[in-house]
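Notes follow the structure.
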Amino acid sequence: MIAGTVLRRSNSAAQGQRLKLHRDCGFGEVSIAPLQPVNGGNAPIPPSGTPHAISYLTLGGAALSACSIGRGGARNRAERVSYALSAAQIANLSAAGGYSVAIGLPFTRMLTIHWEAAGVPLSGMAKATGRFTDLLTKCLTRHGSKTAWLWVHENGDGKGGHCHLLAHVPAHLVQTVASLQRGWLRRITGQPYRARVIYSKPIGGRLGLEEGNPELHAINLDAALGYLLKGASDKAAAQFRLERLEAGGRIIGKRCGTSQNIGAKARTEQQR
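Taking our numbering, the leading residue of the sequence shown gets 211, the next gets one more, and so forth.
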């Protein structure tokens, strides 16, 4: 199980050993099993979607410049087909999640975008997600905020192609983003917004948790990141000892990505 405070990948994990967890806060392990739906009335939202990935517990560094934010990760060919997250992708996403905290941009929102329901074909998901993260980044930059994000694409029966996105959105800008995101989807798809295509929740269940209770936020962040890693290959699952697993489905093009400021290059340069 991947849980604790902030999930970080140790060098030994690359050797096939388990990820080391930081539990200085003393909360111990927290399950990343699916939770009950927050809003049971939203039938079109798959029962394994965003509401289930965020743990609502009740336990009582300088960032990089905005100009460095962009799309990071492997340059996958647009026509490449994959069915699961590889060990290398799991390692990169895990390290990126930890690094976002190190640079002062911890993920505060988890979004699920149902691209197929929005009219985007499987082959167009990578471009659509790229446009969405570009619009999100530009919006936050205009309002004087930096951000970091990572995402994973999945595809499944009854769900279609969809994207899970973790992003740093300051609490005071959440309403600004919320008021714009449906318009972004209309621009991206060229179609009217369809109900429940996008679902967004604060990680940990309340705004500002990352500042008010960083330890609790870190536990919930681990749960959310663990949820995004559930589509791992058998090899990757064994290497990282992942317990929460579901078929990730057939994806065309990029399966996952990160912003450049938390990508492999940024992390390597920081170590020099």
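Even for Gly, the Cβ is constructed at its ideal location relative to N, Cα and C.
Since we're looking at a predicted model, the values are computed, not measured.
DSSP places Lys348 within a helical segment (H, G or I) once states are collapsed to three. Exclusion of the five residues before and after Glu479 leaves no residue of its chain whose Cβ lies closer than 7 Å to its Cβ. Glu364 is classed as buried because its beta carbon has at least 16 other beta carbons within 10 Å across all chains shown. Within the same chain, Cys349 come within 7 Å of Leu390 by CB-CB distance, once the 5 residues on both sides are set aside. Distance check between Ala377 and each of Arg454, Phe450, Arg319 places Arg319 closest, using alpha-carbon atoms only. Taking C-beta atoms as the reference points, Val407 and Ala327 count as a pair closer than 8 Å.
Taking C-beta atoms under 8 Å as the contact rule, Asn302 and Ala434 fail to qualify, at a distance of about 17 Å.
Under the three-state reduction of DSSP, Val291 is assigned to strand.
Bounds of the beta strand (DSSP E) holding Val362 are 359–366. Exclusion of the five residues before and after Met335 leaves Trp325, His363, Gly371 as the residues of its chain whose Cβ lies within less than 6 Å of its Cβ. DSSP lists Ser292 as the beta-bridge partner residues of Ile461.
Around the beta-carbon of Lys411, 16 or more other beta-carbon atoms lie within 10 Å, marking it buried.
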